[in-house]
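Peer 1: Mind having a look at this structure? Questions to follow.
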Amino acid sequence: MPRYQQIARQIRQAIGDGELAADSRLPSSRTMALELGVARATVENAYGELVSQGWLERRGQAGTFVSPSASPTASGANIASSQPQGAPMPFQMGLPALDAFPRALWARLTGRRLRLQTRYDLLMPEANGESTLRQAIADYLRFSRSIDCQPEQIFITAGFQAAMRLVVGTLAKAGDGIWLEDPGYRYVRPVFADAGMALHPVPVDGEGMQIDYGLEHYPEARFALLTPAHQSPLGVALSLTRRHQLLEWASARQSWIIEDDYDSEFRYHGKPLPPVKSLDGPERVIYAGTFSKSLFPALRTAWLVVPQRQVAAFARQSRHLPCTVPILIQQTIADFLREGHFWRHLKKMRQCYGERRVWLEAALAEQGFDVVPQAGGIQLVMRVQGDDRAMVAKGRAAGLAVQALSDWRMTPAGEGGIVMSFTNVTSHEMARRYALKLRQAIT
Ligand SMILES: Cc1ncc(COP(=O)(O)O)c(C=O)c1O
Numbered sequence: 002m003p004r005y006q007q008i009a010r011q012i013r014q015a016i017g018d019g020e021l022a023a024d025s026r027l028p029s030s031r032t033m034a035l036e037l038g039v040a041r042a043t044v045e046n047a048y049g050e051l052v053s054q055g056w057l058e059r060r061g062q063a064g065t066f067v068s069p070s071a072s073p074t075a076s077g078a079n080i081a082s083s084q085p086q087g088a089p090m091p092f093q094m095g096l097p098a099l100d101a102f103p104r105a106l107w108a109r110l111t112g113r114r115l116r117l118q119t120r121y122d123l124l125m126p127e128a129n130g131e132s133t134l135r136q137a138i139a140d141y142l143r144f145s146r147s148i149d150c151q152p153e154q155i156f157i158t159a160g161f162q163a164a165m166r167l168v169v170g171t172l173a174k175a176g177d178g179i180w181l182e183d184p185g186y187r188y189v190r191p192v193f194a195d196a197g198m199a200l201h202p203v204p205v206d207g208e209g210m211q212i213d214y215g216l217e218h219y220p221e222a223r224f225a226l227l228t229p230a231h232q233s234p235l236g237v238a239l240s241l242t243r244r245h246q247l248l249e250w251a252s253a254r255q256s257w258i259i260e261d262d263y264d265s266e267f268r269y270h271g272k273p274l275p276p277v278k279s280l281d282g283p284e285r286v287i288y289a290g291t292f293s294k295s296l297f298p299a300l301r302t303a304w305l306v307v308p309q310r311q312v313a314a315f316a317r318q319s320r321h322l323p324c325t326v327p328i329l330i331q332q333t334i335a336d337f338l339r340e341g342h343f344w345r346h347l348k349k350m351r352q353c354y355g356e357r358r359v360w361l362e363a364a365l366a367e368q369g370f371d372v373v374p375q376a377g378g379i380q381l382v383m384r385v386q387g388d389d390r391a392m393v394a395k396g397r398a399a400g401l402a403v404q405a406l407s408d409w410r411m412t413p414a415g416e417g418g419i420v421m422s423f424t425n426v427t428s429h430e431m432a433r434r435y436a437l438k439l440r441q442a443i444t
């Protein structure tokens with residue numbers, strides 16, 4: 002297919018997918034040509050074809066626009082059917098790059114495992130997870146996170162919430178206080194609230210959770226839940242001083258630190274700080290990891306590393322809340338780790354996300370947005386003046402899955418912001434389209 006037709010097809014697809022809304026302006030043919038590394042005439046040809054087909058219209062000096070009649074709903078079955086069912090919206094958070102996962106390799110490993118299974122694999126699985134996977138995770142943590150643990154300290158769970166339920170069921174009682182980052186990961190709060198625990202918001206600044214604040218206001222809390230590697234959603238790292246301060250508090254009070262290390266694999270510059278768990282002389286840290294970001298969320302597979310002295314209590318509790326991840330999935334993940342695919346995949350993804358992040362940061366900056374610099378993670382935050390919820394509502398109405406920082410807060414005070422993911426922004430050109438669309442929606 003000639004290059005100009007390929008470009009025309011991509012634009013048609015973007016309109017069909019709702020990425021390019023009716024009346025949005027396309028970049029000038031010169032800009033687009035520079036972006037794509039093609040001659041300007043090639044882009045002119047593509048635009049010309051789409052104008053003649055009624056997808057685009059030229060509005061003199063103002064530029065070339067998507068026709069008002071070319072929205073995904075108005076343009077008929079052809080375009081509507083080009084929108085894959087179940088596809089995530091642009092900027093949707095919490096997802097890895099769906100296009101970059103080695104699905105063929107995964108299918109091969111799964112098939113091989115299935116053929117190798119014996120009749121004994123039909124039995125009830127171990128409540129704390131497959132031993133092969135627990136061993137593989139222990140090996141991975143030792144090399145990648147300097148966490149020294151034995152497989153029996155690891156409990157596989159069906160996602161992070163199930164991991165938190167296991168922690169609460171084993172160690173907490175109604176009325177226990179828990180420090181939570183404010184703003185922070187909101188989807189887990191119901192687990193603690195349902196258990197009758199007292200949820201204590203602790204503010205976050207450039208060094209992560211303000212431990213001093215927690216010490217001053219809620220010294221008697223029995224738990225602290227944090228995302229030390231990249232605070233969710235602000236992306237800052239908990240400073241080393243605060244890591245030690247936190248450990249001192251937990252040790253003196255016999256409280257528990259829950260370290261949510263959900264996306265530490267993705268850091269783009271600077272040296273990562275040691276996980277709190279790796280500094281845990283007093284054995285007060287419960288470490289939580291997940292494969293939702295490093296592999297994919299449909300696996301529903303996360304894990305805990307619990308202190309050696311707590312293994313028996315967690316094992317008892319896990320009989321009431323057994324791991325529900327299917328054996329085949331657990332075995333396949335174990336093979337993926339043990340055979341070195343995981344390392345290769347992470348290396349590839351670090352590079353991929355480094356690139357995608359830069360594309361989106363640059364595109365947002367071009368639109369005058371104020372992106373907060375971050376050392377790692379798989380989401381971006383922009384500072385905004387004014388009502389971030391109202392802005393986000395407009396962005397969402399335009400089909401963009403942005404989120405308001407205010408919705409991540411437990412207390413109403415604090416700066417407004419817009420939070421989004423860049424993992425599925427697959428080109429600089431797409432980043433510019435989305436950023437433009439967001440700007441147009443908000444302004
Ligand atoms: C801060 C944080 N912790 C944990 C998780 C992992 O959740 P799960 O393992 O249930 O997918 C996520 C996923 O979005 C997250 O953002």
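The sequence shown begins at 2 in my numbering and counts up one residue at a time.
Quick reminder that beta carbons are idealized off the backbone N, C-alpha and C, glycines included.
How far does the beta strand (DSSP E) with Arg384 in it extend, from its first residue to its last?
Peer 2: Gln380 to Val385 is the span of the beta strand (DSSP E), which, as asked, contains Arg384.
Peer 1: For Phe337, which residues in the same chain have their Cβ closer than 7 Å to its Cβ, ignoring the five residues on either side in sequence?
Peer 2: Same-chain partners within the cutoff: Leu110 and Phe343.
Peer 1: Taking the C-alpha atoms as reference points, what is the distance between Ile334 and Leu134?
Peer 2: One C-alpha to the other measures close to 7 Å.
Peer 1: Could you give the distance in angstroms between the alpha-carbon of Tyr186 and the alpha-carbon of Leu347?
Peer 2: Going from the Cα of Tyr186 to the Cα of Leu347 covers about 23 Å.
Peer 1: Measuring CA to CA, which of Ser265, Ile138 and Tyr269 is closest to Arg358?
Peer 2: Among Ser265, Ile138 and Tyr269, the Cα nearest to that of Arg358 belongs to Tyr269.
Peer 1: Output the residue ranges of the beta strand (DSSP E) runs that lie fully inside the segment 361-417 and measure 3 residues or longer, sorted by chain position.
Peer 2: For the segment 361-417, whole beta strand (DSSP E) runs of length 3 or above, ordered along the chain, are 380-385.
Peer 1: I'd like to confirm something about Gln331: is its beta-carbon nearer than 7 Å to some heavy atom of ligand 1, or not?
Peer 2: No, ligand 1 has no heavy atom inside 7 Å of this Cβ.
Peer 1: Would you mind sorting Gly130 into buried or exposed? The rule is 16 or more other CB atoms within 10 Å of its CB.
Peer 2: With 16 or more Cβ atoms within 10 Å of its Cβ, Gly130 is classed as buried.
Peer 1: Could you check if Ala238 belongs to the surroundings of ligand 1, using beta carbon to heavy atom distance under 7 Å?
Peer 2: No, since every heavy atom of ligand 1 falls outside the 7 Å radius drawn around the Cβ of Ala238.
Peer 1: What would DSSP say about Thr291, mapped onto helix, strand or coil?
Peer 2: Here Thr291 sits in strand by DSSP.
Peer 1: Between Tyr214 and ligand 1, is the CB less than 7 Å from at least one heavy atom?
Peer 2: No, ligand 1 has no heavy atom inside 7 Å of this Cβ.
Peer 1: Just the Cα atoms here: how many angstroms apart are Gln84 and Arg31?
Peer 2: Reliability of the predicted coordinates at Gln84 is poor, the pLDDT of 37 falling under 50, and no value is obtained from them.
Peer 1: Kindly indicate which three-state DSSP category Asp24 falls into: helix, strand or coil?
Peer 2: Asp24 falls in the coil class under three-state DSSP.
Peer 1: Rounded to whole angstroms, what is the Cα-Cα separation between Met2 and Met33?
Peer 2: Cα to Cα, the separation comes out at about 19 Å.
Peer 1: By how many angstroms is the C-alpha of Ile212 removed from the C-alpha of Ala81?
Peer 2: Confidence in Ala81 is poor, its pLDDT being 34 and thus under 50, which makes the residue's placement too unreliable to answer from.
Peer 1: Less than 8 Å between the beta carbons of Tyr435 and Leu401, yes or no?
Peer 2: It is a contact, given that the beta carbons lie within the stated cut-off.
Peer 1: Flag Thr65 as yes when its Cβ comes closer than 7 Å to any non-hydrogen atom of ligand 1, and as no otherwise.
Peer 2: Checking the Cβ of Thr65 against ligand 1 gives no.
Peer 1: Ordered along the chain, which non-local residues of its own chain (more than five positions away) have a Cβ less than 7 Å from that of Arg410?
Peer 2: For Arg410, where only same-chain residues beyond five positions count, the Cβ hits under 7 Å are Asp183 and Pro184.
Peer 1: Could you give the uninterrupted runs of the beta strand (DSSP E) lying entirely in the segment 246-320, keeping only those of 3 residues or more?
Peer 2: Listed in chain order, the complete beta strand (DSSP E) runs (minimum 3 residues) inside the segment 246-320 are 257-261, 286-291 and 303-306.
Peer 1: Let me check understanding here. Comparing Cα to Cα, which of Ser29, Leu115 and Ile179 lies closest to Gly61?
Peer 2: Gly61 has its Cα closest to that of Ser29, out of Ser29, Leu115 and Ile179.
Peer 1: Quick check on this structure: which residue in Val385, His201, Met350 and Glu430 has the alpha carbon closest to the alpha carbon of Pro97?
Peer 2: When each option's Cα is compared against that of Pro97, the closest is Met350.
Peer 1: With 16 other CB atoms within 10 Å as the buried threshold, where does Met165 fall?
Peer 2: By the neighbour-count rule (16 or more Cβ atoms within 10 Å), Met165 is buried.
Peer 1: For the alpha helix (DSSP H) containing Leu338, list its first residue and its last residue.
Peer 2: Leu338 -> alpha helix (DSSP H) spans Ile328 to Arg339.
Peer 1: Spell out the partners DSSP gives Glu182 in its beta bridges.
Peer 2: According to DSSP, Glu182 bridges with Val203.
Peer 1: Helix, strand or coil for Thr444 per DSSP?
Peer 2: Of the three classes helix, strand and coil, the one that applies to Thr444 here is coil, per DSSP.
Peer 1: Can you pull the DSSP bridge partners for Thr158?
Peer 2: Ala303, per the DSSP bridge assignment.
Peer 1: Please state if the CB of Trp257 and the CB of Phe292 are separated by a distance shorter than 8 Å.
Peer 2: No.
Peer 1: When the Cα atoms are used, what is the spatial distance from Leu300 to Ala163?
Peer 2: Cα to Cα, Leu300 sits roughly 13 Å from Ala163.
Peer 1: How big is the Cα-Cα spacing for Gly236 and Thr325?
Peer 2: Whole-angstrom Cα-Cα distance: 31 Å.
Peer 1: Closest by CA to Phe193, which one among Leu181, His321 and Pro204?
Peer 2: Phe193 has its Cα closest to that of Leu181, out of Leu181, His321 and Pro204.
Peer 1: Between Val312, Ile16, Trp360 and Gly378, which lies nearest to Thr171 when the distance is taken from Cα to Cα?
Peer 2: Checking every option, the nearest Cα to that of Thr171 belongs to Val312.
Peer 1: Give every residue of the same chain whose Cβ lies closer than 7 Å to the Cβ of Pro69, excluding the five residues on either side of it in the sequence, and list them in chain order.
Peer 2: Counting only Cβ-Cβ distances below 7 Å, and skipping sequence neighbours, we find Ala23 and Asp24.
Peer 1: Have a look at Gly197 and Val168 and give me their C-alpha separation to the nearest angstrom.
Peer 2: Taking the straight line joining both Cα atoms gives about 14 Å.
Peer 1: Taking only three categories from DSSP, how would you classify Val189?
Peer 2: Of the three classes helix, strand and coil, the one that applies to Val189 here is helix, per DSSP.
Peer 1: Which one or two residues does DSSP pair with Glu356 in a beta bridge?
Peer 2: Its beta-bridge partners do not exist; DSSP assigns none.
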